[in-house]
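S.K.: Residues -24 to -1, 1 to 519 (mature numbering (1 follows the signal peptide of the UniProt record, and there is no 0)) are what the sequence shown spells out, left to right.
Using N, Cα and C, we set each Cβ at its ideal position, and we do this for glycine too.
There's a structure below that I have some questions on.
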Amino acid sequence: MGRRTICSFSTFFLVLFAASSVFGGDPYRFYTWNITYGDIWPMGVKQQGILINGQFPGPQIEAVTNDNVIINVFNSLPEPFLISWNGIQQRRSSWQDGVYGTNCPIPPRRNFTYVMQFKDQIGSFFYFPSLAFHKAAGAFGGIRILSRPLIPVPFPTPASDFTLLIGDWYKANHSTLKYILDSGRDLPFPDGVLINGRGWDGNIFTVNQGRTYRFRVSNVGLTTSLNIRIQGHTMKLVEVEGSHTVKNIYSSFDLHLGQSCSFLVTMNQPAMDYYIVVSTRFTSKVLTTTAILRYSNSYGRNAGPPPGGPTIQIDWSLNQARSIRWNLTASGPRPNPQGSYHYGLVKTTRTIRLANSAPIINGKQRYAVNSVSFIPPDTPLKLADFYKIPGVFSLGSILDYPTYGGGYLQTSVMAANFRDYVEIIFENSENTMQSWHIDGYSFWIVGMDGGQWSPASRRGYNLRDAVARCTVQVYPKSWSAIYMPLDNVGMWNIRSENWARQYLGQQFYLRAYSPANSWRDENPIPRNALLCGRASGRRTRPL
């Protein structure tokens, strides 16, 4: 225990020095997390969960725009561990991204301190474990970034702020699920759905009649899109993944894998207990779970059975997705309107088309992007790139367009230039729902539709008020298109948010490169960076 304390203090002072020299005078928030295994019973069955400071789900991160967030993570598991930050853009610093392509895992009985600045960000996000299918065991939690004082927020301050982490769940331990995937099989259908780590009626949210509350909802699940609804109440959408939206009213809302959003809900109904209902979408068998919305003066009176929701209807969901628009007059993290950046007037410099597929390779089920099924290298790509270690990866090992050929294994890295402005089309020829996330970036979802994308599809793009976010869904036999400025140097993960597909190869890395090699474009390698693989024994460059 004493050794851990010494390590913690030395890391604290080292990181404080490094961070202060890079991030200046913005406020600091410090966290110390201990990662352990522990027994959990989320569906009434004892399982081996991954806990953070004894909690499942993990503790929530509370911050304000531009805060420096220092998280000292002790790995008390008997195996390597990593945490990643879904939607946190890590400006100029993919060193902190927390995926294997950029970071060495934290070895057992060791610690690593993440040094991050939530630069120019607001909104609702979450963190999760990124290695070894650990995500199926827990260690996820919410991230809440508030606007700085004096930055106008386009709605009155709510009475309170609730976080709902929703997701499908398996009764089997994560190690069993990993074994199934390693054996070349796909996962079975999930066993249930959880809200904040609990099943049916496992959570109670107490509210006061006549007040308005904010609900931040994230789909942290493994395989399925979900629909959320609140009995007897409507939900006013105000934010998705850091973007203030036009305040549309919804009676139920689809949230796809990896996505986050915020609603305002006004308690304008008779004083009773109401159901918050979450159910699976686009599945032949519908899984449902509930939480309780309890008026403080309800005296236990129940408003009746949980309301039903949509099930298979794709067109309904597609039209809802198109209805989500950017609030052009609202300030984002800075005191200027979001719409002051006219993304639709910028000429794209490159078009990238990405097609998912599900090939059988060497007799095993794999998943691929443009026919390439990603295999992890023996050294994190970011370290190999920094130290110029040959033989770890090759730029151009994944093409800009689908080949529709047979799948093959490759450590796939796509080259890209800093300051390019790219159009990316996600093409889905399968009958399954897809969800894609890009680390380090926010992008505008300019179009989505059924059928095959073609250049003529651009005529239907929304070039005025498309919403900006970091995760996009692609409906079965459909496509989705985004515009994205490559304004963040680094090695960034582009992945399926279906975690079985991600684990079995449906991901790759985008290397956004600046020849200037300047600290203005990218922070230097951290002094506390863990080194592994062929980078072991090398020195980190002093700050």
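Return helix, strand or coil for residue 551, following the three-state DSSP convention.
M.R.: Because the chain in this structure spans residues -24 to 519, residue 551 falls outside the shown range and cannot be described.
S.K.: What would DSSP say about P461, mapped onto helix, strand or coil?
M.R.: Sequence index remark: in the sequence shown, residue 461 carries index 485 (1-based). Strand.
S.K.: Give a yes or no on whether the C-beta atoms belonging to N346 and A331 are separated by under 8 Å.
M.R.: Here residue 346 refers to the residue found at position 370 when the sequence shown is read from its first residue. Here residue 331 refers to the residue found at position 355 when the sequence shown is read from its first residue. Yes, the pair counts as a contact, with Cβ atoms nearer than the cut-off.
S.K.: What do you get for R395, buried or exposed, if any count of 16 or more other CB atoms within 10 angstroms of its CB means buried?
M.R.: Within the sequence shown, the letter at position 419 stands for residue 395. Burial call: exposed.
S.K.: How many whole angstroms separate the CB atoms of V241 and T188, which I take to be in contact at a CB cut-off of 8 Å?
M.R.: Numbered from 1 along the sequence shown, position 265 holds the residue referred to as residue 241. Numbered from 1 along the sequence shown, position 212 holds the residue referred to as residue 188. Confirmed, Cβ separation roughly 7 Å.
S.K.: If I'm right that F362 touches Q483 with Cβ under 8 Å, what's the distance once you round it to whole angstroms?
M.R.: Taking the sequence shown and counting its residues from 1, the one referred to as residue 362 is at position 386. Taking the sequence shown and counting its residues from 1, the one referred to as residue 483 is at position 507. Incorrect: roughly 21 Å between the Cβ atoms, too far for contact.
S.K.: Check whether the region 500 to 513 touches the region 396 to 406, taking contact to mean three or more Cβ pairs, one atom from each stretch, closer than 8 Å.
M.R.: Not touching, per the Cβ criterion.
S.K.: Which of helix, strand or coil does DSSP assign to G416?
M.R.: The residue given as residue 416 occupies position 440 in the sequence shown. The answer is coil: DSSP assigns G416 none of H, G, I, E or B.
S.K.: From G34 to S106, what distance separates their C-alpha atoms?
M.R.: Translated into the one-based positions of the sequence shown, residue 34 becomes position 58. Translated into the one-based positions of the sequence shown, residue 106 becomes position 130. Using only the alpha carbons, I get a separation of about 15 Å.
S.K.: Taking all protein chains shown into account, do 16 or more other C-beta atoms lie within 10 angstroms of the C-beta of G99, making it buried, or fewer, making it exposed?
M.R.: Here residue 99 refers to the residue found at position 123 of the sequence shown. By the neighbour-count rule (16 or more Cβ atoms within 10 Å), G99 is buried.
S.K.: Would you report the Cα separation of S255 and I171, rounded to the nearest angstrom?
M.R.: In the sequence shown, residue 255 corresponds to position 279, counting from 1. In the sequence shown, residue 171 corresponds to position 195, counting from 1. Computed Cα separation, rounded: 11 Å.
S.K.: Hey, how far is the Cα of Q24 from the Cα of D425?
M.R.: In the sequence shown, the residue the question calls residue 24 occupies position 48. In the sequence shown, the residue the question calls residue 425 occupies position 449. Rounded to whole angstroms, Q24 to D425 spans 41 Å at the Cα level.
S.K.: So, is S(-4) buried or exposed, given that buried needs 16 or more other C-beta atoms within 10 angstroms?
M.R.: Mapped onto the sequence shown, residue -4 falls at position 21. Note on S(-4): pLDDT 42, under 50, position unreliable in the model; no value is reported.
S.K.: Taking the alpha-carbon positions, what's the S136 to T266 distance?
M.R.: Sequence index remark: in the sequence shown, residue 136 carries index 160 (1-based). Sequence index remark: in the sequence shown, residue 266 carries index 290 (1-based). Straight-line Cα distance between these residues: approximately 20 Å.
S.K.: Would you tell me roughly how many angstroms separate the C-alpha atoms of G63 and Q185, rounded to the nearest one?
M.R.: Position 87 of the sequence shown, counted from the first residue, corresponds to residue 63. Position 209 of the sequence shown, counted from the first residue, corresponds to residue 185. Straight-line Cα distance between these residues: approximately 34 Å.
S.K.: In terms of alpha-carbon separation, which member of A457, Y451, A476, C446 lies closest to I470?
M.R.: Residue numbering aside, residue 470 sits at position 494 when the sequence shown is read from its first letter. Considering only alpha carbons, the answer is C446.
S.K.: By the 10 Å Cβ neighbour count, where 16 or more other Cβ atoms means buried, how is W113 classified, buried or exposed?
M.R.: For the purposes of this step, residue 113 is taken as residue 137 along the sequence shown, with counting starting at 1. According to the sequence shown, residue 113 is Ala rather than Trp. By the 10 Å Cβ count, A113 comes out buried.
S.K.: Can you check DSSP and say which residues form a bridge with M19?
M.R.: Looking up residue 19 in the sequence shown gives position 43. Its beta-bridge partners do not exist; DSSP assigns none.
S.K.: Between the C-alpha atoms of P282 and D2, what's the straight-line distance to the nearest angstrom?
M.R.: By 1-based counting over the sequence shown, the position of residue 282 is 306. By 1-based counting over the sequence shown, the position of residue 2 is 26. Whole-angstrom Cα-Cα distance: 46 Å.
S.K.: Please give me, in chain order, every unbroken run of the beta strand (DSSP E) with length at least 3 that falls completely inside the region 24 to 60.
M.R.: Entirely contained in the region 24 to 60, the beta strand (DSSP E) runs reaching 3 residues are, in chain order, 37 to 40, 44 to 51.
S.K.: If contact is defined by three or more beta carbon pairs under 8 Å, each pair taking one atom from either stretch, is the region 422 to 441 in contact with the region 312 to 332?
M.R.: Touching, per the Cβ criterion.
S.K.: Can you tell me where the alpha helix (DSSP H) holding K154 begins and where it ends?
M.R.: Counting from one through the sequence shown, the residue named residue 154 turns up at place 178. That run of the alpha helix (DSSP H) goes 150 to 158.
S.K.: Using C-beta distances below 7 Å, list every residue in its chain close to F(-2), excluding the 5 sequence neighbours before and after it, in chain order.
M.R.: Here residue -2 refers to the residue found at position 23 of the sequence shown. Reliability fails at F(-2), whose pLDDT of 49 lies under 50, so the model's placement of it is uncertain and the value that follows must be treated cautiously. Cβ within range, chain order: N44, Q93.
S.K.: Is L359 helix, strand or coil by DSSP?
M.R.: By one-based count along the sequence shown, residue 359 stands at place 383. Helix.
S.K.: Counting pairs of beta carbons, one from the region 276 to 293 and one from the region 215 to 226, are three or more of them closer than 8 Å?
M.R.: In short, these stretches do not touch, since the Cβ pair count stays below three.
S.K.: If you run the structure through DSSP and keep just helix, strand and coil, what is P105?
M.R.: For this step, residue 105 is matched to residue 129 along the sequence shown. Correct three-state label for P105: strand.
S.K.: Any idea what DSSP makes of A297, helix, strand or coil?
M.R.: For the purposes of this step, residue 297 is identified with residue 321 of the sequence shown, where counting begins at 1. Looking at A297 - three-state DSSP - the assignment turns out to be helix.
S.K.: In whole angstroms, give me the CA-to-CA distance for L480 and Y103.
M.R.: In the sequence shown, the residue the question calls residue 480 occupies position 504. In the sequence shown, the residue the question calls residue 103 occupies position 127. Distance between the alpha carbons of L480 and Y103 is about 21 Å.
S.K.: So what's S136 in DSSP terms, helix, strand or just coil?
M.R.: The count along the sequence shown starts at 1 and reaches residue 136 at position 160. Here S136 sits in coil by DSSP.
S.K.: What is the residue span of the beta strand (DSSP E) that R120 lies within?
M.R.: Within the sequence shown, the letter at position 144 stands for residue 120. 117 to 122 is the span of the beta strand (DSSP E), which, as asked, contains R120.
S.K.: Express the C-alpha separation of R68 and N464 in angstroms, rounding to a whole number.
M.R.: Indexing the sequence shown from 1 puts residue 464 at position 488. Indexing the sequence shown from 1 puts residue 68 at position 92. Each residue's alpha carbon lies about 6 Å from the other.
S.K.: State the start and end residues of the unbroken beta strand (DSSP E) segment that holds T331.
M.R.: The sequence position of residue 331 within the sequence shown is 355, counting from 1. A quick correction: the sequence has Ala, not Thr, at residue 331. That run of the beta strand (DSSP E) goes 326 to 333.
S.K.: Does DSSP put T(-20) in a helix, in a strand, or in coil?
M.R.: Within the sequence shown, the letter at position 5 stands for residue -20. For T(-20), the predicted model reports a pLDDT of 33, less than 50, meaning its position is unreliable and no value from the coordinates is stated.
S.K.: So, at 7 Å on beta carbons, what are the nonlocal neighbours of N303 in its own chain, with the 5 sequence-adjacent residues on each side left out?
M.R.: In the sequence shown, residue 303 corresponds to position 327, counting from 1. Around N303: P130, H220, T221, V222, Q314.
S.K.: Give the range of the alpha helix (DSSP H) segment to which Y479 is assigned.
M.R.: Working through the sequence shown from its first residue, we reach residue 479 at position 503. Where Y479 is concerned, the enclosing alpha helix (DSSP H) stretches over 475 to 479.
S.K.: From V262 to I26, what does the alpha carbon distance come to, in whole angstroms?
M.R.: For this step, residue 262 is matched to residue 286 along the sequence shown. For this step, residue 26 is matched to residue 50 along the sequence shown. So the alpha carbons of these two residues sit roughly 27 Å apart.
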